[in-house]
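Last residue of the sequence shown? That's 522 in the numbering used here, and every number before it is there in order.
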Amino acid sequence: MKQLSALDAMFAYTETANTPMHIGQLLIYDPSTAPGGHVGFKDILRYIEGRLDGARIFRQKLVRVPLDLDHPYWVEDKDFDIEFHVRHIALPKPGDWRQLCIQAARIYARPLDMTKPLWEFTVIEGLDNVEGVPKGSFALVHKMHHAAIDGKSGLEMTLALHDTDAEMKPRDFGRNWQAEDEPNALGLLAKAQFNNVANPVRGLQNIQKLVPMPKRLLDVRREFAQRADAKTSIPKTRFNKKLSPHRVFDGREFALSDIKTIREAFPGATVNDVMIAVTSGSLRGYLLSKDDLPEQTLKIGAPVSVRSDDEKSSAGNQVTMMTVGVGTHLADAGDRLKFIMDETQRSKAMTEAIGAKTLMEVSGAMPAGLTAAGTKMMVRMGLVERFNPAINTVVSNVPGPMVPMYFAGAEMVKGFGMGILAEGQGIFHVVTSYNGKVILSFLADREQLPDPDNYAKAISRSFADLMAAAKKESAKQKKKKAKTKKATAKKSAAKKPKKRVRTSAATAGRAGRKAATR
């Protein structure tokens, strides 16, 4: 039995019918690589069953403390049934990308059963007309509760279910699963009384880490003041309203080589900066088309992992949030990327000054009962609509494997991340990578984004604009280098002493003088 951290517990407290707190993926597989060229549903069940020891989340369920007076606990579920967690459907005709996105969004919109281990897989067959996908392929919609897992540990869980070849060799994860009995209510309440005194003390100890030296305190204070000013000016858009229970989903993929071309054209840029710029252009283009683009820049939240090497095998959330302005007020794609580069550097400096790990630890200072009550009140009273948003959207970057991966012998051909919506944040972007591709996908509230295909087209246009800006910037850099090189050569030539030119008459005269002295 293990207790949730304050951050993990928050995701359990905010779970409602309109705000299911799971993250996930849409993964597409080609079964022709499997033994016999076919993968049946029973094959998938057996395959997953053989990998259950790969992550603790598979068999652990949540046990709440009475009245939420303390954070919940994970308990090994003695009634675990794999067939409850793995479902099976087929796409309606024509089995194209649009139908797949609709089905994936419907499945994803349904909350998980909070009395069972918090994950669910849905196998979708009938992908017969999806561009770039072999006919007869199948998809997997993967849902995992955010209370149990963050993007990085979720990726590790996904990797536990995959191989680097189609041979499906048995794997030993070094775990021996044992079921547990649920703790009784009196025992949980006794622990709650102790924890609600101890946790604030630990929180105060963590707060002391924020101010080890006067200069750092001054820098951090200045940064917080800037953020407070910025927060009051963060504009509202159509994506910052109360949520409905309905979702839409789509995404686009790009060659990693093209992303690197853009990055190299703007010295100092990262792949993450480039993908944030693609997102910024998408938001700008779509909101312009709806006559809803604010004059001020939108701001995004970018999760930052603070998971150490020693914590790689642990589940739960080890993240803090970096806030970044994305330059949606700028018309030029290149100018937006430069703006984002400055913003990410500023926000990284802030996170490093305080210590990202410390920021996360301080969240545990408040007693669990107050955390639960406050979180629920924010959600139920719709307070998000009365105040300016803290951010306009999230862009989560979760790098994936750059080699082919296999599930039950079937090769994964495409992979898309699926995020999490909170009240006041009606669209979520996930950047991931796989086998030479970089993928940008989005999950949104259907009432706030009724035309997901148009937003997907805005992503494609934004990427094209960035490619054009990169070519323009590269040409400008080459011209500048050539001009500098020419000026340097000219300057060098001017500094060299001129050689004396000896005429034939002068040479003859010198020779005559030498002869006369002999």
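All residues carry an ideal CB built from backbone N, CA and C; glycine is no exception. Since this is a predicted model, take the numbers as computed values, not measurements.
Determine which residues share a DSSP beta bridge with methionine 161 and list them.
In the sequence shown, the residue the question calls residue 161 occupies position 157. Methionine 161 pairs with nothing; no bridge assigned.
What number of angstroms, rounded off, separates the C-alpha of histidine 166 from the C-alpha of tyrosine 33?
For the purposes of this step, residue 166 is identified with residue 162 of the sequence shown, where counting begins at 1. For the purposes of this step, residue 33 is identified with residue 29 of the sequence shown, where counting begins at 1. Rounded to whole angstroms, histidine 166 to tyrosine 33 spans 11 Å at the Cα level.
For the beta strand (DSSP E) that contains phenylalanine 142, what are its first and last residues?
Position 138 of the sequence shown, counted from the first residue, corresponds to residue 142. 141-149 is the extent of the beta strand (DSSP E) around phenylalanine 142.
Would leucine 49 and isoleucine 86 qualify as a contact pair, given that the criterion is a beta-carbon distance under 9 Å?
Start at 1 with the first residue of the sequence shown, and residue 49 comes out as number 45. Start at 1 with the first residue of the sequence shown, and residue 86 comes out as number 82. Yes.
Around the C-beta of asparagine 180, are 16 or more other C-beta atoms found within 10 angstroms, so that it is buried, or is it exposed?
Start at 1 with the first residue of the sequence shown, and residue 180 comes out as number 176. So asparagine 180 ends up on the exposed side.
Just to confirm the assignment: which complete beta strand (DSSP E) runs, minimum length 3, are found wholly within the stretch 425-452?
431-438 and 441-449
Buried or exposed: where does lysine 490 fall if 16 or more other Cβ atoms within 10 Å of its Cβ makes it buried?
Indexing the sequence shown from 1 puts residue 490 at position 486. Classification for lysine 490: exposed.
Could you say which of His75, Met25 and Gly44 lies nearest to tyrosine 112 if we only look at CA atoms?
In the sequence shown, counting from the first residue as 1, residue 112 sits at position 108. The residue with the shortest Cα to Cα distance from tyrosine 112 is Met25.
Enumerate in chain order the residues of its own chain whose CB-to-CB distance from valine 4 is below 6 Å, with the five nearest sequence positions on each side excluded.
The structure shown has nothing for residue 4, since the chain only spans 5 to 522.
So, at 8 Å on beta carbons, what are the nonlocal neighbours of glycine 58 in its own chain, with the 5 sequence-adjacent residues on each side left out?
By one-based count along the sequence shown, residue 58 stands at place 54. Excluding positions up to five away in sequence, the list reads Met161, Ala164, Leu165, Arg175 and Phe177.
Since methionine 416 is in the alpha helix (DSSP H), which residue starts that stretch and which ends it?
In the sequence shown, the residue the question calls residue 416 occupies position 412. Where methionine 416 is concerned, there is no enclosing alpha helix (DSSP H), although the beta strand (DSSP E) it sits in stretches over 414-422.
Using alpha carbons as the reference points, say which of Val67, Met118 and Gln481 lies closest to phenylalanine 88.
Taking the sequence shown and counting its residues from 1, one reaches residue 88 at position 84. Taking only the C-alpha atoms, the option nearest phenylalanine 88 is Met118.
Where does aspartate 296 land, buried or exposed, given buried means 16+ other C-beta within 10 angstroms?
Here the question's residue 296 lines up with position 292 in the sequence shown. Aspartate 296 comes out exposed.
Does DSSP put serine 400 in a helix, in a strand, or in coil?
As a first step, residue 400 must be located in the sequence shown, where it is residue number 396. Of the three classes helix, strand and coil, the one that applies to serine 400 here is strand, per DSSP.
Counting contacts by CB-CB distance shorter than 9 Å, is leucine 292 in contact with chain C?
Among the protein chains of the structure shown there is no chain C, as only one such chain exists.
DSSP three-state call for aspartate 169: helix, strand or coil?
In the sequence shown, the residue the question calls residue 169 occupies position 165. Note: aspartate 169 maps to coil in three-state DSSP.
With DSSP as the reference, please indicate the residues paired to glutamate 129 in a beta bridge.
Translated into the one-based positions of the sequence shown, residue 129 becomes position 125. In DSSP, glutamate 129 forms a bridge with Ala94.
Report buried or exposed for methionine 14, applying the criterion of at least 16 other Cβ atoms within 10 angstroms of its Cβ.
Along the sequence shown, read from residue 1 onward, the residue named residue 14 stands at position 10. Looking at its Cβ environment, which holds 16 or more other Cβ atoms inside 10 Å, methionine 14 is buried.
With 16 other CB atoms within 10 Å as the buried threshold, where does proline 454 fall?
In the sequence shown, the residue the question calls residue 454 occupies position 450. Exposed.
Throw me the rounded Cβ distance for the alanine 273 and leucine 73 pair, which I believe falls under 8 Å.
By 1-based counting over the sequence shown, the position of residue 273 is 269. By 1-based counting over the sequence shown, the position of residue 73 is 69. At roughly 48 Å, the Cβ-Cβ gap does not stay under 8 Å, so alanine 273 and leucine 73 are not in contact.
Report buried or exposed for alanine 10, applying the criterion of at least 16 other Cβ atoms within 10 angstroms of its Cβ.
Counted from its first residue, the sequence shown places residue 10 at position 6. Its Cβ being crowded by 16 or more others within 10 Å, alanine 10 is buried.
With the cut-off set at 9 Å, would you say alanine 462 and serine 286 are in Cβ contact?
For this step, residue 462 is matched to residue 458 along the sequence shown. For this step, residue 286 is matched to residue 282 along the sequence shown. Contact: yes.
Go to histidine 255, then tell me how far its beta strand (DSSP E) extends in each direction, as first and last residue.
Numbered from its first residue, the sequence shown carries residue 255 at position 251. It is glycine, not histidine, that sits at residue 255 in the sequence shown. Glycine 255 -> beta strand (DSSP E) spans 251-259.
Using three-state DSSP, classify histidine 42 as helix, strand or coil.
Here residue 42 refers to the residue found at position 38 when the sequence shown is read from its first residue. If DSSP states are grouped into helix, strand and coil, histidine 42 belongs with coil.
Roughly how many whole angstroms lie between the Cα atoms of arginine 242 and glycine 421?
One-based indexing of the sequence shown puts residue 242 at position 238. One-based indexing of the sequence shown puts residue 421 at position 417. Taking the straight line joining both Cα atoms gives about 23 Å.
In the DSSP assignment, the alpha helix (DSSP H) including leucine 287 goes from what residue to what residue?
In the sequence shown, residue 287 corresponds to position 283, counting from 1. Element bounds for leucine 287: 275-293.
Between the C-alpha atoms of valine 79 and valine 252, what's the straight-line distance to the nearest angstrom?
In the sequence shown, counting from the first residue as 1, residue 79 sits at position 75. In the sequence shown, counting from the first residue as 1, residue 252 sits at position 248. Rounded to whole angstroms, valine 79 to valine 252 spans 33 Å at the Cα level.
Taking just the CA atoms, how far does leucine 470 sit from alanine 21?
To locate residue 21, count along the sequence shown from 1; it is residue 17. To locate residue 470, count along the sequence shown from 1; it is residue 466. Cα-Cα distance, rounded: 39 Å.
Please report how far the alpha carbon of glutamine 107 lies from the alpha carbon of glutamine 300, in whole angstroms.
Counting from one through the sequence shown, the residue named residue 107 turns up at place 103. Counting from one through the sequence shown, the residue named residue 300 turns up at place 296. C-alpha separation (whole angstroms): 36 Å.
To the nearest angstrom, how far is it from the Cα of proline 96 to the Cα of valine 145?
Residue 96 sits at position 92 when you count from the first residue of the sequence shown. Residue 145 sits at position 141 when you count from the first residue of the sequence shown. The alpha-carbon atoms of proline 96 and valine 145 are separated by roughly 16 Å.
Does the beta-carbon of valine 407 have 16 or more other beta-carbons within 10 angstroms, so that it is buried, or is it exposed?
Taking the first residue of the sequence shown as 1, we reach residue 407 at position 403. Label assigned to valine 407: exposed.
Using alpha carbons as the reference points, say which of Val134, Ala479, Glu257 and Leu447 lies closest to arginine 110.
Here the question's residue 110 lines up with position 106 in the sequence shown. With distances taken between Cα atoms, arginine 110 lies closest to Leu447.
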